[in-house]
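Let me begin by presenting the structure, written as structure tokens, before commenting on it.
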Amino acid sequence: MRLSDSQKKAVYHREGPCLVLAGPGSGKTTVITRRIGFLTDGITGSDWLLSVTFTRAAGREMAVRYARLYPGRDLPHFGTVHSLCNRIIYDYENITGNRFHRIGGDAKVKQKILEDIWLKVNKGVNMPESDEVFSLISRRTNRPEYSSDGFIRNFDKIYDMYNAYKRQNNLVDFDDMVLFAKELLENDERIRRRWSKKYEYIQVDEGQDLSRAQFEVMKYLAGHGNIFVVADDDQGIYAFRGADPGCVLEFEKHYSNCVKYYLEENYRSCKRIVQCASSVIALNRNRYEKNLFTNNRLGEKIEFIHLRNLSEQARFVCEKISKINKRGSVCVIYRNNLSAVMFKLYLNHFNLPYNVLGGNIDIASDFMVKKVLARIRDAEKEARFLIPRPKKVFERMLLSGLYDDMSNYYERHGKSRMFAEYVYEFLKTLCSINGSYEELIKCLEFRADEDANITLSTAHSAKGLEFDTVFIVDLVNGEFPKRERMSGGMLEEERRLFYVAMTRAKNKLYLVYPEMRGSNQEEASVFYVETLKHACNK
């Protein structure tokens, strides 16, 4: 790949702090690998260069690319911030003889600790999903000003007890690795001296995803100033994990001699998508201004689809997919992984293979769903002559108070009324489009196919990927954006997430607004309205 002028400037930057602001599809991975090639040209060994990636998968991909571009050269150290911090802690353990037990990946140990604390603090109250609680703990650890007492009962007390237990038992989880490494670099001169001299050059990918503590670790390691950060503040979407895009926005405050380069050409998407996405993200205030553009073709018009309800939405999308199937990659993107349930139903109904990213909800194992299925199965067994269709059985159950039973059950188990209405609409659709119990069961099978060209994904999980056609669905206020995130900085992050979803599309983008969710009439998402206003569809 030939480098553009702006890419060349970044690749050939050698000394001093540098911030590369790389828009979607701008070839940032190429810039990072080619710069490593530039720095290592003619030099034996590469253990003096550190390249930090956000995930292990990204690190492996970068290492493969580098080895392909520069066969025979030594690989530099590619690793995540957590793996780096873990090495710093190991170094401390070897120097002092103190040992810590790492529980970052041990879900059972963490679950047991949390359950014991919950019983002491919130006895008699059902505990939410542990992943939800640990996500909030992680966010509080990385953003100390954050509290979740409004979401989790007695959260502050749970947080303090969880950390106290870890300290008493020499336990370290993923977030502790970063905080402990930061404390060691701050307070232990031996560690600081050893690690500040270890790497002559430091590169950081996805800089907008760094937490404040992770950024401080990078600063200690790059005391010499040779730090090269590639970031896009417009794609900072991981505040719930503790990420702080402010680290990138304040980069020049920490490094007054910083050089900035802008990678503004999008090699992925057509003009209509790039222009529209750029107009939408420009509505955010806390960002670097950019002049994003592409030399790709104009492309097809962005389509705005207004449908009556969730079932119609899923049917429309899956019928469209069935017509374009095998003609390129397709992704259905949503804010909440519960949304995948209705799409899986229709994809199975149309016998279309697919894969799911971002968590897979097994709706068939839900108690109320199993209750309805069991009644339909029994009704078929009990029928002497005409076997009742699932739709008729479901309607009889509704007359017998099924809807109230569902609402009460989910309320007792800490689920929202919207969750109950979603499951109700799902069951209604399931029973309407299938003529027998056997067909119902087939329609509920999860048919994961990693080679399929159809993907269902949360907006977070779609980051870094690209597809020929993208459908962004459930575009209603309260869902995308979330109701509790419809103002201030939280709305800006939701808009960044929407921007990420838009810029996954190469050729065709559909935005879908279902007017009804359950019995609720919903407003079109503010993002649907903004995009409609800025769409270049002439």
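In our numbering, the protein residues as written are 46 to 583.
Cβ atoms here follow ideal geometry from the backbone N, Cα and C, with glycine treated the same way.
Predicted, not measured: the structure shown is a model, and the values here were computed from it.
Per-residue burial, residue i [other beta carbons within 10 Å of its own, 16 or more giving buried]
i    : result
N354 : buried
E295 : exposed
K371 : exposed
N331 : exposed
M46  : exposed
N621 : Since the first and last residues shown for the chain are 46 and 583, residue 621 lies out of range.
N341 : buried
R101 : exposed
P559 : buried
G70  : buried
H589 : The question about residue 589 has no answer here: the residues shown for the chain are numbered 46 through 583.
H505 : buried
L343 : exposed
E234 : exposed
F200 : buried
Q566 : exposed
L308 : buried
Y135 : exposed
F395 : exposed
P435 : buried
S314 : buried
F260 : buried
I272 : buried
Bridge partner(s) assigned by DSSP for residue i
i    : result
F349 : L556
L64  : V274 and K305
Y246 : L94
N354 : M561
F338 : E310
L216 : H146
V521 : A569
K527 : G523 and E524
A258 : For A258, which the question treats as bridged, DSSP gives no partner whatsoever.
CA-to-CA distance, residue j to residue i, given in whole angstroms
i    : j    : result
A327 : F512 : 23 angstroms
P13  : Y467 : The displayed coordinates of the chain run from 46 to 583. Any statement about residue 13 would go beyond what the structure contains.
S323 : N171 : 44 angstroms
V249 : A258 : 14 angstroms
V56  : G90  : 20 angstroms
H58  : Y283 : 29 angstroms
K305 : C63  : 6 angstroms
R541 : Q253 : 12 angstroms
Y544 : A103 : 21 angstroms
E106 : F572 : 33 angstroms
K415 : N214 : 42 angstroms
Y399 : A507 : 15 angstroms
D92  : I133 : 16 angstroms
V84  : F491 : In the sequence as presented, Val is not what sits at residue 84; that position holds Leu. Their Cα atoms are separated by approximately 48 angstroms.
T74  : K335 : 19 angstroms
K202 : S410 : 33 angstroms
R118 : S49  : 25 angstroms
K298 : I162 : 42 angstroms
K553 : I318 : 8 angstroms
M463 : E524 : 10 angstroms
E538 : I347 : 23 angstroms
G169 : Q280 : 41 angstroms
S374 : T78  : 27 angstroms
Host beta strand (DSSP E) of residue i (start-end)
i    : result
K124 : In the sequence as presented, Lys is not what sits at residue 124; that position holds Gly. Segment H122 to T125, the beta strand (DSSP E) holding G124.
Y379 : V375 to Y379
N400 : N400 to L402
T500 : I499 to T503
F516 : F512 to I517
Range of the contiguous alpha helix (DSSP H) that encloses residue i
i    : result
C315 : Run containing C315: none; DSSP gives neither H nor E here.
P435 : P435 to L444
A419 : F412 to E427
A584 : Nothing about residue 584 can be read from this structure; the chain reaches only from 46 to 583.
I182 : S175 to N187
H394 : A385 to H394
V293 : G291 to L294
A108 : R101 to L114
D449 : L447 to R457
E470 : R462 to I478
I81  : K73 to T85
Q52  : D50 to V56
- Would you say the segment 180-190 touches the segment 233-240, given that touching needs at least three Cβ pairs under 8 angstroms? no
- Given 8 angstroms as the limit, is there contact between the segment 380-399 and the segment 469-480, that is, 3 or more CB pairs closer than that? yes
- Item | Three or more C-beta pairs below 8 angstroms linking the segment 420-432 and the segment 476-486 | yes
- At a cut of 8 angstroms, does the segment 515-525 reach the segment 373-385 through at least three beta carbon pairs? yes
- Item | Validate contact between the segment 126-140 and the segment 150-163 using beta carbons, cut 8 angstroms, 3 pairs | no
- Message: Does the contact criterion of 3 or more C-beta pairs under 8 angstroms hold for the segment 218-229 versus the segment 261-270?
- Response: yes
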